[in-house]
Amino acid sequence: MKTCQRCSSKRVFSVTAKCSDCCCVDGPGRQTTDGYVPDDIGIGGGDYVEMQWCLDCGQIQGTWPLPGTELDGAEPPGLDPATLESGTWVDYHARVGGPVTRRARTVGEPWQLGNGGWVVKIEGGSGGVSLDALSAPS
Ligand SMILES: [Zn+2]
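Residue numbers (our numbering): 904 to 1041.
Printed below as a string of structure tokens:
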């Protein structure tokens, strides 16, 4: 049984609601009406609003804070796989949207995972890292 990430309560419920393209989102500076569910604000995405929350403390279960989203006017994180060449200097962020962990050069070309995400090898790393965790050096 799932326990709450904040208070360890076992009173965690989940909801899946198909609203398709009738989703309205209201937040600082931005508002959408009658669109699909944004997939970058932690409430599901596409046709469905999906989330789990705690009946004791109200915590919505997930990884917070989320990186900046298109919806709140921020540039989406990450690099464009189409323009990323081998040997490019990049800043690696251990937490997407967080501070720079270290600077490294890419090794080889990025490749796409089954879930649609892009990864690339960087110097000093084993395996691929998500392009969402990389940014152009500032
Ligand atoms: Zn809780």
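All C-beta atoms in this analysis are idealised placements derived from N, C-alpha and C, irrespective of residue type, glycine included.
Note that the structure is predicted; figures quoted are calculated from it, not measured.
With fewer than three CB-CB distances shorter than 8 Å, the region 987–1006 does not count as touching the region 938–947. Not a single heavy atom of ligand 1 lies less than 6 Å from the C-beta of serine 917.
Selection Val1003, Ile1025, Lys913 and Cys925 evaluated against cysteine 960 yields Lys913 as nearest (Cα-Cα). The three-state reading of DSSP puts threonine 986 in helix, counting H, G and I together. When secondary structure is reduced to three states using DSSP, aspartate 1035 falls in the helix class. Under the DSSP assignment, cysteine 927 falls in the beta strand (DSSP E) whose first and last residues are 926–930. Scanning Ile944, Val918 and Asp924 for the CA closest to the CA of glycine 930 turns up Ile944.
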